[in-house]
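Trainee: Heads up, the sequence shown is in my numbering, so the first residue is 5 and it goes up one at a time.
Positions of the beta carbon are idealized from the N, C-alpha and C atoms, including for glycine.
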Amino acid sequence: MITDTRPGTARRASRRRVVVVGAGVTGLITAVRCVLAGHRVTVLDRGAIPHPGSSSFDQHRAIRALDPADPERTRRAALAHHRWLELETLLCGSRPGTGFYRRVGVLTGWPGDEVTAAAAVAAHAGLSVKLVEPDEFPHIRFPVGFRGVLELDAGVLLADRVLWTAARWLAGHPEARLRPWCPVSSVDTETGRVVLADGTVERGDLVLIAGGPWSRALVDLPTVLHRQTMVYLRSPDELTRWWDTAPSAGRIGADGRAWLLPSGGGTVLKISTDAACREVSTVDDRADEDELRWSERIMAADILTDMDRYTVAAVKRCHYAVDAHTGTAHLVRVGPAVWARAASGGDGFRTAPLVADRIVDALRHTQSPLRISTGRNTT
Ligand SMILES: Cc1cc2nc3c(=O)[nH]c(=O)nc-3n(C[C@H](O)[C@H](O)[C@H](O)COP(=O)(O)OP(=O)(O)OC[C@H]3O[C@@H](n4cnc5c(N)ncnc54)[C@H](O)[C@@H]3O)c2cc1C
Numbered sequence: 005m006i007t008d009t010r011p012g013t014a015r016r017a018s019r020r021r022v023v024v025v026g027a028g029v030t031g032l033i034t035a036v037r038c039v040l041a042g043h044r045v046t047v048l049d050r051g052a053i054p055h056p057g058s059s060s061f062d063q064h065r066a067i068r069a070l071d072p073a074d075p076e077r078t079r080r081a082a083l084a085h086h087r088w089l090e091l092e093t094l095l096c097g098s099r100p101g102t103g104f105y106r107r108v109g110v111l112t113g114w115p116g117d118e119v120t121a122a123a124a125v126a127a128h129a130g131l132s133v134k135l136v137e138p139d140e141f142p143h144i145r146f147p148v149g150f151r152g153v154l155e156l157d158a159g160v161l162l163a164d165r166v167l168w169t170a171a172r173w174l175a176g177h178p179e180a181r182l183r184p185w186c187p188v189s190s191v192d193t194e195t196g197r198v199v200l201a202d203g204t205v206e207r208g209d210l211v212l213i214a215g216g217p218w219s220r221a222l223v224d225l226p227t228v229l230h231r232q233t234m235v236y237l238r239s240p241d242e243l244t245r246w247w248d249t250a251p252s253a254g255r256i257g258a259d260g261r262a263w264l265l266p267s268g269g270g271t272v273l274k275i276s277t278d279a280a281c282r283e284v285s286t287v288d289d290r291a292d293e294d295e296l297r298w299s300e301r302i303m304a305a306d307i308l309t310d311m312d313r314y315t316v317a318a319v320k321r322c323h324y325a326v327d328a329h330t331g332t333a334h335l336v337r338v339g340p341a342v343w344a345r346a347a348s349g350g351d352g353f354r355t356a357p358l359v360a361d362r363i364v365d366a367l368r369h370t371q372s373p374l375r376i377s378t379g380r381n382t383t
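#1: When the Cα of Leu135 is compared with those of Ala129, Ala124, Ser59, Arg145, which residue comes out closest?
#2: Within 10 angstroms of its Cβ, does Pro100 collect 16 or more other Cβ (buried), or is it exposed?
#3: Can you tell me which of the three DSSP states Pro217 falls into?
#4: Pull up the distance between the alpha-carbon of Leu367 and that of Ser299, whole angstroms please.
#5: Establish whether the CB of Gly350 and some CB of chain C are separated by less than 9 Å.
#6: Would you mind sorting Asp190 into buried or exposed? The rule is 16 or more other CB atoms within 10 Å of its CB.
#7: Out of curiosity, what's the CA-to-CA distance linking Thr120 and Arg172?
#8: For ligand 1, I want to know if His86 counts as a neighbour, meaning its beta carbon is within less than 8 Å of at least one of the ligand's heavy atoms.
#9: Helix, strand or coil for Arg151 per DSSP?
#10: Kindly indicate which three-state DSSP category Val287 falls into: helix, strand or coil?
#11: Let me know the beta strand (DSSP E) ranges lying completely inside the stretch 75-116, each 3 residues or longer, listed in chain order.
#12: Looking at the unbroken alpha helix (DSSP H) that takes in Asp248, where does it start and where does it end?
#13: Taking the alpha helix (DSSP H) that Ile33 belongs to, which residues open and close that run?
#14: Between the alpha carbons of Arg77 and Asp202, how many angstroms are there, rounded?
#15: Confirm, please, whether the CB-CB distance from Arg50 to Trp218 is below 9 Å.
#16: If you check the beta carbons only, do Arg145 and Ile33 fall under 9 Å apart?
#17: Please report the straight-line C-alpha distance between His369 and Arg19, rounded to a whole angstrom.
#18: Excluding the 5 residues flanking Leu156 on each side, which residues of the same chain have their C-beta closer than 7 Å to its C-beta?
#19: Among Pro138, Thr102, Gly130, which has the Cα closest to the Cα of Pro115?
#20: Across which residues does DSSP place Met234 in a beta bridge pair?
#21: For Glu92, I'd like the list of residues in its chain whose CB is within less than 7 Å of its CB, leaving aside the five on either flank, ordered along the chain.
#22: Just to confirm, are Ala163 and Ser60 a CB contact at a threshold of 9 Å?
#23: Smallest Cα separation from Val338: which of Leu225, Glu179, Leu70?
#24: Is DSSP giving His128 helix, strand or coil here?
#25: Can you give me the Cβ contacts of Arg354 inside the same chain, cut-off strictly under 6 Å, excluding the 5 residues immediately before and after it?
#26: Thinking C-beta only, is Arg301 closer than 9 Å to Ala279?
#27: Rounded to whole angstroms, what's the CA-CA distance from Ile213 to Leu243? Just pull it up for me.
#28: Going by beta-carbon coordinates alone, are Val29 and Cys38 separated by less than 9 Å?
#29: Short check: CB of Val47 to CB of Leu174, under 9 Å?
#30: Below 8 Å, is the gap between the Cβ of Thr271 and the nearest heavy atom of ligand 1?
#31: Kindly list the residues whose CB is nearer than 7 Å to the CB of Thr378, restricted to its own chain and excluding five residues on each side of it in sequence; keep chain order.
#32: Which residues in the same chain have their Cβ closer than 8 Å to the Cβ of Arg313, if we skip the five residues on either side of it in sequence?
#33: Classify Thr233 as buried or exposed, calling it buried when 16 or more other Cβ atoms lie within 10 Å of its own Cβ.
#34: Buried or exposed for Asp74, please, with buried defined as at least 16 other CB atoms from any protein chain shown within 10 angstroms of its CB.
#35: Going by the C-beta, is Arg238 closer than 8 Å to any heavy atom of ligand 1?
#36: Buried or exposed for Ser98, please, with buried defined as at least 16 other CB atoms from any protein chain shown within 10 angstroms of its CB.
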């Protein structure tokens with residue numbers, strides 16, 4: 005449960021100084037939660053806060069819990085939906101139209117003979133789902149023989165709005181200090197000493213390295229980098245209303261590897277496919293790569309019916325890192341008081357509030373200097 009802690013009401017004896025490196029969704033949401041728990045937080049970013057070049061800065065990101073292969077993960081992930089609702093109320097208030105979470109649901113395609121098992125996992129985890137037929141969503145293409153599972157307590161976060169509202173909330177809080185344009189050149193994992201590019205130093209009782217795919221320059225953890233191309237589409241006028249209430253969708257297209265995020269809330273429709281996701285060695289936005297080829301591949305993935313009625317508004321690429329051993333996200337304690345989210349994974353928005361929970365928990369259960377057992381966590 006997230007509660008607002010007014011300045012002065014925090015238990016000062018247990019107040020800690022937290023330094024967060026990176027103001028993407030992980031860093032900002034963790035900073036908000038730490039401030040709410042009564043701690044003092046400094047957030048550093050190499051660019052503006054929020055930074056349009058971060059991997060979090062985009063129109064939208066999907067939030068869903070269902071993972072039929074992993075019932076326990078599904079149960080844990082269901083909590084993330086509630087965390088986001090709480091954060092929305094805290095950061096945006098409850099006035100209609102001011103929020104950042106469009107609860108339009110998330111639809112996933114499943115082979116007809118697997119759909120019942122997927123629904124059973126959902127029921128076991130307490131998720132509200134509905135089985136649907138492809139013809140209920142005539143503008144989305146499913147693989148032949150597939151049916152849909154519609155997760156109702158799920159939807160789309162307006163990602164850049166999340167970042168702006170969190171940054172604004174922190175900027176107005178006396179216990180938070182935002183330091184944009186402060187590239188960090190090193191973090192001493194033993195001492196928690198954070199050295200900025202200008203030679204100045206920040207120290208905290210706990211340091212979180214949340215530099216997204218750029219974290220590998222600060223902490224030596226084996227990660228694999230992925231680059232994905234996305235195509236943004238304008239829908240024909242007569243379909244605008246349909247798309248405004250449509251769910252996010254995954255496991256769609258001719259081969260069941262595609263996904264889409266619907267328009268609405270001031271965004272345009274976005275499509276991509278796992279076939280346009282590749283391993284790369286560097287996060288180089290200027291890398292000379294044939295983006296046109298990747299976007300053509302996405303357009304050919306048969307994701308929408310009547311594709312020729314849509315116009316391409318933009319093509320963008322984005323990166324994310326995963327743990328080299330597990331292929332998922334991790335949160336690792338890399339020193340006595342230093343934690344790293346070097347791998348945020350392909351679902352870093354969904355899990356950001358859970359990372360914040362872990363960091364607040366670590367602060368709550370330890371005395372300074374922190375004594376926390378080292379370990380890898382796949383939150
Ligand atoms: C195509 C694509 C689709 C995705 N879809 C989804 C989805 O539907 N749902 C979902 O939950 N997730 C999704 N993700 C994953 C999600 O976007 C990321 O996991 C998440 O945004 C990572 O956030 P972060 O805060 O960890 O890193 P980032 O957002 O990259 O933030 C890192 C910040 O650290 C700063 N920084 C880096 N190095 C330094 C330094 N040395 N000094 C100071 N500052 C530094 C950067 O400027 C940046 O602002 C998707 C990712 C991609 C690529």
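Mentor: Well, looking at it:
#1: Nearest C-alpha to Leu135: Ala124.
#2: Taking all protein chains shown into account, Pro100 has fewer than 16 neighbouring C-beta atoms within 10 Å of its C-beta and is therefore exposed.
#3: In the structure shown, Pro217 sits in a helix (DSSP, three-state: H, G or I).
#4: Distance between the alpha carbons of Leu367 and Ser299: 45 Å.
#5: You won't find chain C in this structure, because it holds only one protein chain.
#6: Just to set this straight, residue 190 is Ser in the shown sequence, not Asp. Here Ser190 is exposed. Its C-beta has fewer than 16 other C-beta atoms within 10 Å.
#7: A direct Cα-to-Cα measurement between Thr120 and Arg172 gives close to 44 Å.
#8: Checking the Cβ of His86 against ligand 1 gives no.
#9: In the three-state reduction of the DSSP assignment, Arg151 falls in the strand class, which pools E and B.
#10: Three-state DSSP puts Val287 in coil, outside helix and strand.
#11: You should have 110-115.
#12: 244-248 is the extent of the alpha helix (DSSP H) around Asp248.
#13: Start and end: 29-40.
#14: Rounded to the nearest whole angstrom, the CA to CA distance from Arg77 to Asp202 is 42 Å.
#15: Their beta carbons are under 9 Å apart, which means Trp218 touches Arg50 by this criterion.
#16: Going by C-beta atoms, Arg145 is not nearer than 9 Å to Ile33.
#17: Taking the straight line from one Cα to the other gives about 12 Å.
#18: Annotation for Leu156: Gly109, Ser132, Val133, Lys134 place their beta carbon closer than 7 Å to its own, counting only its chain and skipping 5 residues before and after.
#19: Out of Pro138, Thr102, Gly130, Pro138 has the C-alpha closest to the C-alpha of Pro115.
#20: Bridge partners of Met234: Lys320.
#21: Cβ contact annotation for Glu92 (same chain, cutoff 7 Å, sequence separation greater than five): Gly103, Phe104, Tyr105, in chain order.
#22: Yes, these two residues count as a Cβ contact at 9 Å.
#23: It is Leu225.
#24: Reduced to three states, the DSSP call for His128 is helix.
#25: Ile67, Ala84, listed in sequence order.
#26: Taking C-beta atoms as the reference points, Ala279 and Arg301 count as a pair closer than 9 Å.
#27: One C-alpha to the other measures close to 43 Å.
#28: Going by C-beta atoms, Val29 is not nearer than 9 Å to Cys38.
#29: A distance below 9 Å separates the beta carbons of Val47 and Leu174.
#30: No, since every heavy atom of ligand 1 falls outside the 8 Å radius drawn around the Cβ of Thr271.
#31: Low confidence applies to Thr378: its pLDDT is 37, below 50, so where it sits in the model is not reliable, and the reading given next is rough at best. Within the same chain, Arg337 come within 7 Å of Thr378 by CB-CB distance, once the 5 residues on both sides are set aside.
#32: Answer for Arg313: Ser239, Pro240, Leu243, listed in chain order.
#33: Buried, because 16 or more other Cβ atoms sit within 10 Å of the Cβ of Thr233.
#34: It is exposed - the Cβ of Asp74 has fewer than 16 other Cβ atoms within 10 Å.
#35: With a threshold of 8 Å, the Cβ atom of Arg238 does not count as near ligand 1, since no heavy atom of the ligand is closer than that.
#36: Its Cβ having fewer than 16 others within 10 Å, Ser98 is exposed.
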